[in-house]
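*Asks:* With UniProt numbering applied, the sequence shown covers 1 to 320. Supplied in structure tokens, the structure appears directly below.
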Amino acid sequence: MARFWLCAGCTVFFLAFLILHSRFSGSSVLREFIFQISWRSEEILYKLDVGWPKHSEYFTGATFCVAVDSLNGLLYIAQRGDNIQKVLVFTEDGYFLRAWNYTVDTPHGSFGHTIKKYSSLGDLVQVLGTPGKKGTGLNPLQFDNPAELYVEDTGDIYIVDGDGGLNNRLIKLSQDFLMLWLHGENGTGPAKFNIPHSVTVDSSGRVWVADRGNKRIQVFDKDTGVWLGAWNNCFTEEGPSSVRFTPDGKYLIVAQLNLSRLLFVAAPPVGSIGYCSVISSIQLADQVLPHLLDVSGKTGAIYVAEIGAKQVQKYVPLKS
Numbered sequence: 001m002a003r004f005w006l007c008a009g010c011t012v013f014f015l016a017f018l019i020l021h022s023r024f025s026g027s028s029v030l031r032e033f034i035f036q037i038s039w040r041s042e043e044i045l046y047k048l049d050v051g052w053p054k055h056s057e058y059f060t061g062a063t064f065c066v067a068v069d070s071l072n073g074l075l076y077i078a079q080r081g082d083n084i085q086k087v088l089v090f091t092e093d094g095y096f097l098r099a100w101n102y103t104v105d106t107p108h109g110s111f112g113h114t115i116k117k118y119s120s121l122g123d124l125v126q127v128l129g130t131p132g133k134k135g136t137g138l139n140p141l142q143f144d145n146p147a148e149l150y151v152e153d154t155g156d157i158y159i160v161d162g163d164g165g166l167n168n169r170l171i172k173l174s175q176d177f178l179m180l181w182l183h184g185e186n187g188t189g190p191a192k193f194n195i196p197h198s199v200t201v202d203s204s205g206r207v208w209v210a211d212r213g214n215k216r217i218q219v220f221d222k223d224t225g226v227w228l229g230a231w232n233n234c235f236t237e238e239g240p241s242s243v244r245f246t247p248d249g250k251y252l253i254v255a256q257l258n259l260s261r262l263l264f265v266a267a268p269p270v271g272s273i274g275y276c277s278v279i280s281s282i283q284l285a286d287q288v289l290p291h292l293l294d295v296s297g298k299t300g301a302i303y304v305a306e307i308g309a310k311q312v313q314k315y316v317p318l319k320s
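Here it is in structure tokens:
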């Protein structure tokens with residue numbers, strides 16, 4: 001049975017599959033257009049799927065995160081709000097399947113400060129952290145507004161902890177929750193953070209962190225935790241809110257929350273971080289606010305949780 005994690009009662013309420021998650025893995029439709037970037041002519045890589053979802057009326061709160069189970073063709077969407085279903089389950093084709101909200105805390109609030117593991121049907125399996133109590137401790141683990149987590153196929157877990165709370169840190173845990181390495185200081189220097197908001201891993205063994213408050217992406221070796229470099233030249237206007245790779249590993253997809261923009265950045269070769277180079281972008285309507293996103297490992301489709309528009313939208317790759 002599938003298992004997934006909820007970063008519950010904290011800043012972001014992110015779902016990530018422990019077993020089935022793959023690294024490559026009632027609102028009106030909003031207008032899509034291409035935002036021109038002056039330093040490089042753009043390629044058009046993705047287009048909006050105007051027919052997705054089939055049942056948008058189930059979006060009754062602020063949709064703030066989405067996770068794709070590519071193996072089973074399922075999509076898990078978490079939303080904020082009072083007296084609503086907190087987790088919605090759709091097919092990748094856009095059909096609504098089920099919803100649940102029990103044991104799920106309200107994010108961006110004073111409750112929770114935990115990371116919770118659920119079955120695909122919503123049964124609570126595991127809790128990390130101290131419910132209702134924020135903290136900085138490592139034994140046992142405590143959190144304060146953990147923003148997102150990413151689970152590799154091996155079961156190793158990467159957690160960014162600190163969306164405006166006590167912590168500004170990146171933690172790697174083994175699948176049985178042993179601490180493997182940690183970077184945990186607030187600041188602007190290498191391996192220090194100011195609101196680490198999203199994390200992902202590429203096929204070359206590099207960990208990419210959206211260091212939103214510092215307006216940069218930092219990169220680490222996944223095995224040792226060694227700092228490899230940072231990108232900041234693409235983020236002079238606003239820092240990154242979410243990071244994910246396309247299934248072929250060619251592009252890093254970056255969401256910028258307040259600019260309501262998605263960037264497609266060329267992934268650097270192994271052994272070099274280099275500079276951020278934007279290949280393409282999608283400018284969304286004002287106040288859409290793309291918060292977190294995920295990518296289907298099978299189709300390459302991008303699902304964007306738009307906290308301002310209170311919906312999730314799907315972008316599909318253009319055929320070559």
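No residue lacks a Cβ here, since even glycine has one placed at the ideal position from N, Cα and C. Please read all numbers here as calculations on a predicted model, not as lab measurements.
Under 8 Å Cβ to Cβ from Val209, same chain only, skipping five residues before and after it: list those, please.
*Replies:* Hits under 8 Å: Val160, Leu170, Phe193, Pro196, Ser198, Val199, Ile217, Gln218, Val219, Phe220, Val243.
*Asks:* Spatial neighbours of Ala62 within its chain, please: CB distance less than 7 Å, with the 5 preceding and 5 following residues excluded, ordered by chain position.
*Replies:* Closer than 7 Å at Cβ, skipping near neighbours: Gln79, Arg80, Gly81, Ile307, Lys310.
*Asks:* Run the CB neighbour count on Leu178, radius 10 Å, all protein chains shown included, and call it buried at 16 or more, exposed below.
*Replies:* Looking at its Cβ environment, which holds fewer than 16 other Cβ atoms inside 10 Å, Leu178 is exposed.
*Asks:* What residues match up with Cys276 in a beta bridge as DSSP calls it?
*Replies:* DSSP, once it has assigned bridges, lists no residue as partnering Cys276.
*Asks:* How big is the Cα-Cα spacing for Asn168 and Lys86?
*Replies:* The alpha-carbon atoms of Asn168 and Lys86 are separated by roughly 26 Å.
*Asks:* Quick check: the Cα distance between Phe96 and Leu48, rounded to an integer number of angstroms?
*Replies:* Spanning the two alpha carbons is a distance of roughly 19 Å.
*Asks:* By the 10 Å Cβ neighbour count, where 16 or more other Cβ atoms means buried, how is Gly132 classified, buried or exposed?
*Replies:* By the 10 Å Cβ count, Gly132 comes out exposed.
*Asks:* If you drop the 5 nearest sequence neighbours on each side, which residues of the same chain put their C-beta closer than 7 Å to that of His183?
*Replies:* Hits under 7 Å: Arg169, Leu170, Ala191, Gly225.
*Asks:* Compare the beta carbon distance of Gln126 and Gly155 with 7 Å and say whether it is the shorter of the two.
*Replies:* No. Outside cutoff.
*Asks:* Could I get the ranges of all uninterrupted beta strand (DSSP E) runs contained in the segment 219-250, with 3 residues as the minimum, in chain order?
*Replies:* Within the segment 219-250, the complete beta strand (DSSP E) runs of at least 3 residues are 227-231, 242-245.
*Asks:* If you draw a straight line from the C-alpha of Gly297 to the C-alpha of Gln283, how long is it?
*Replies:* Cα to Cα, the separation comes out at about 24 Å.
*Asks:* What is the residue span of the beta strand (DSSP E) that Phe64 lies within?
*Replies:* Unbroken beta strand (DSSP E) run through Phe64: 62-69.
*Asks:* Are the CB atoms of Lys137 and Ile115 nearer to each other than 7 Å?
*Replies:* In the sequence as displayed, the identity of residue 137 is Gly instead of Lys. Contact: no.
*Asks:* Grab me the residues of Leu289's own chain with a C-beta within less than 8 Å of its C-beta, minus the 5 sequence neighbours each way, in chain order.
*Replies:* Cβ neighbours of Leu289 beyond the five flanking positions: Leu257, Asn258, Ser260, Glu306, Ile307, Gly308, Ala309.
*Asks:* Give me the residue from Gly51, Asp153, Phe264, Val270 with the minimum Cα distance to Ser70.
*Replies:* Out of Gly51, Asp153, Phe264, Val270, Asp153 has the C-alpha closest to the C-alpha of Ser70.
*Asks:* Reducing DSSP to helix, strand and coil, say where Ser296 ends up.
*Replies:* Coil, per DSSP.
*Asks:* Which whole-angstrom value describes the C-beta separation of residue 402 and Tyr46, a residue pair presumed to lie in contact below a C-beta threshold of 8 Å?
*Replies:* Outside the displayed range of the chain (1 to 320) lies residue 402, so it cannot be described from this structure.
*Asks:* Just list the residues that DSSP pairs Thr200 with in beta bridges.
*Replies:* Partner(s): Trp208.
*Asks:* CA-CA distance, Ala147 and Lys319?
*Replies:* Each residue's Cα considered, the two are about 34 Å apart.
*Asks:* Consult DSSP for Tyr118 and reduce its assignment to one of helix, strand or coil.
*Replies:* Note: Tyr118 maps to strand in three-state DSSP.
*Asks:* For a test of the three-state rule: what should DSSP assign to Ser56, helix, strand or coil?
*Replies:* Looking at Ser56 - three-state DSSP - the assignment turns out to be helix.
*Asks:* Going by the beta-carbon positions, is the gap between Gly229 and Ile273 smaller than 7 Å?
*Replies:* Yes, they are a contact pair.
*Asks:* By the 10 Å Cβ neighbour count, where 16 or more other Cβ atoms means buried, how is His55 classified, buried or exposed?
*Replies:* The residue in question, His55, is exposed, as its Cβ has fewer than 16 Cβ neighbours within 10 Å.
*Asks:* Give the single residue among Ile44, Gly51, Asn83 whose Cα lies nearest to the Cα of Gln313.
*Replies:* Taking only the C-alpha atoms, the option nearest Gln313 is Gly51.
*Asks:* Kindly list the residues whose CB is nearer than 6 Å to the CB of Ala301, restricted to its own chain and excluding five residues on each side of it in sequence; keep chain order.
*Replies:* Correct list, in chain order: Lys314, Val316.
*Asks:* Taking the beta carbon of Asn145 as the centre, do at least 16 other beta carbons fall within 10 Å, making it buried, or is it exposed?
*Replies:* Counting Cβ neighbours within 10 Å, Asn145 comes out buried, since at least 16 surround it.
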